[in-house]
Structures are given as structure tokens and as C-alpha cells.
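Have a look at the structure below, then the notes.
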Amino acid sequence: MGVADWILWAVVRAIWLLDSLDQGLVWVVLLVLLASLTLRLGPRTRAVRTGPRASVAPQPSELASLARTIRRAGTSPSARHELAGRLRGIAVELRTRREAIPTQRAWEELEEGKWPPHPAVAAVLRPRDAHAPRARWGDHLGTVAQAVNALWNYAQGGKLDDR
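So this is what it looks like as C-alpha cells:
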């Protein structure tokens with residue numbers, strides 16, 4: 016007997032067995048098998064969304080946030096203070112890393128006017144009065160640029176009083 020004959024004989028016997036059983040029982044077993052197969056394969060399949068996704072506003076990057084603060088500083092005294100605060104934090108962090116001094120001491124010397132020696136950096140990090148009108152924003156923006164350049168030089172290993 017060949018393989019094809021053996022397979023055909025097995026199919027005929029399976030049909031004969033199913034035909035001899037009660038049809039209600041056959042259908043119940045078939046439905047239970049299909050339900051278990053569906054449940055087993057169900058979690059692995061994922062529905063594909065075709066509709067629009069919910070819009071979530073992305074968080075602005077640090078650089079974008081800083082650029083917005085600099086633009087606002089032209090007209091807003093509070094933005095000038097925010098900019099000064101952000102730059103103060105950067106300056107203190109740079110100093111504590113470079114000079115290995117405690118953070119508290121760096122903050123105290125900054126607030127007391129003992130540090131930094133660079134006049135543009137000092138002007139930006141310690142604004143005298145945020146509510147006093149500025150002569151021109153362009154002048155202040157130039158001072159901010161000088162301060163950032165000086166801090167960059169300091170971060171790269173240069174001295175803060177280099178001009």
C-alpha cells in the first residue's frame with residue numbers, strides 16, 4: 016500500500032467516524048476548537064489604524080525654548096530675568112566643574128558680585144533692575160552674545176576674563 020492510498024484510507028475512516036457521531040456533538044466540538052484557536056491567535060494580531068491619530072503637542076527642545084526666551088527678552092523684563100537665570104545656572108555648573116568648588120559657594124560669589132570677572136557676563140548674570148527700561152534691546156542682545164561667547168570659551172578650557 017502506497018502513501019497516497021494510506022492517506023486516502025485515513026480520510027475515509029475519519030469521515031466514517033464523524034458520520035457515526037451525533038451531529039450536535041460534532042458541531043459543539045468544532046465550535047470549541049475554533050473559539051480556542053481564535054483566542055490563541057487573537058492577542059498576536061494588531062488592528063491597523065486607518066483614522067487620524069490623536070494630536071499630541073511635542074515638547075519644545077531646550078534650544079527652541081532658549082531661543083524663544085531670547086526673542087521675548089527684547090520686550091519682556093521677566094524674560095530677561097528668565098534668560099539671566101538660565102545663564103546663571105549654566106555658569107555656576109561650569110564653574111563647579113572647572114574649579115572644583117562647592118555649588119553653594121559658587122552661587123554665593125555670583126550673588127555677591129565677586130564672580131565672574133568678565134563685565135559682559137556679570138551684566139547678563141546679574142541684571143540690576145528688570146523693570147528699568149533698557150536703552151535699546153540691540154545693545155543688550157550684544158551683551159548677551161558676548162556673555163555666551165565668554166561662557167563658551169570658559170567651557171572649552173579658556174579663562175572667563177578673556178575678551
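Letter by letter, the sequence shown follows residues 16 to 178 in my numbering.
No residue lacks a Cβ here, since even glycine has one placed at the ideal position from N, Cα and C.
Check: Taking the alpha helix (DSSP H) that GLY100 belongs to, which residues open and close that run?; Outcome: 92-114
Check: Expressed to the nearest angstrom, what Euclidean distance is found between the alpha-carbon atoms of ALA147 and ARG83?; Outcome: At ALA147, the pLDDT of 44 sits below 50, so the modelled position is not reliable; the number obtained from the coordinates is stated separately. Rounded to whole angstroms, ALA147 to ARG83 spans 22 Å at the Cα level.
Check: When the cut-off is 9 Å and only beta carbons count, does VAL163 lie next to chain B?; Outcome: This model lacks chain B altogether, as it is built from one protein chain only.
Check: Report buried or exposed for ALA135, applying the criterion of at least 16 other Cβ atoms within 10 angstroms of its Cβ.; Outcome: buried
Check: Helix, strand or coil, according to DSSP, for SER76 in the structure here?; Outcome: coil
Check: What does the Cβ neighbour count give for VAL107, buried or exposed, with the cut at 16 atoms within 10 Å?; Outcome: buried
Check: On the three-state DSSP scale, how would you describe TRP24?; Outcome: helix
Check: Could you pull out every residue in the same chain whose Cβ sits closer than 7 Å to the Cβ of LEU175, ignoring the five residues on either side in sequence?; Outcome: PRO131, PRO132, HIS133, VAL136, ALA165, TYR169
Check: Please tell me whether HIS155 and ALA88 are closer than 9 Å, where the distance is taken between their beta carbons.; Outcome: yes
Check: Whole angstroms are fine: how far does the CA of PRO117 sit from the CA of LEU81?; Outcome: 27 Å
Check: Measure the C-alpha to C-alpha separation of TRP24 and VAL47 and round it to an integer number of angstroms.; Outcome: 27 Å
Check: Going by Cα to Cα distance, which pick from ALA29, ARG110, ILE30 is closest to GLN171?; Outcome: ARG110
Check: Which of the three DSSP states is assigned to PRO134 in this structure?; Outcome: helix
Check: Using the beta-carbon count (16 or more within 10 Å), is LEU52 buried or exposed?; Outcome: exposed
Check: Rounded to the nearest angstrom, how far is the Cβ of LEU102 from that of ALA162, given a contact under 8 Å?; Outcome: 7 Å
Check: For SER76 and GLU97, I'd like the C-alpha separation in whole angstroms.; Outcome: 16 Å
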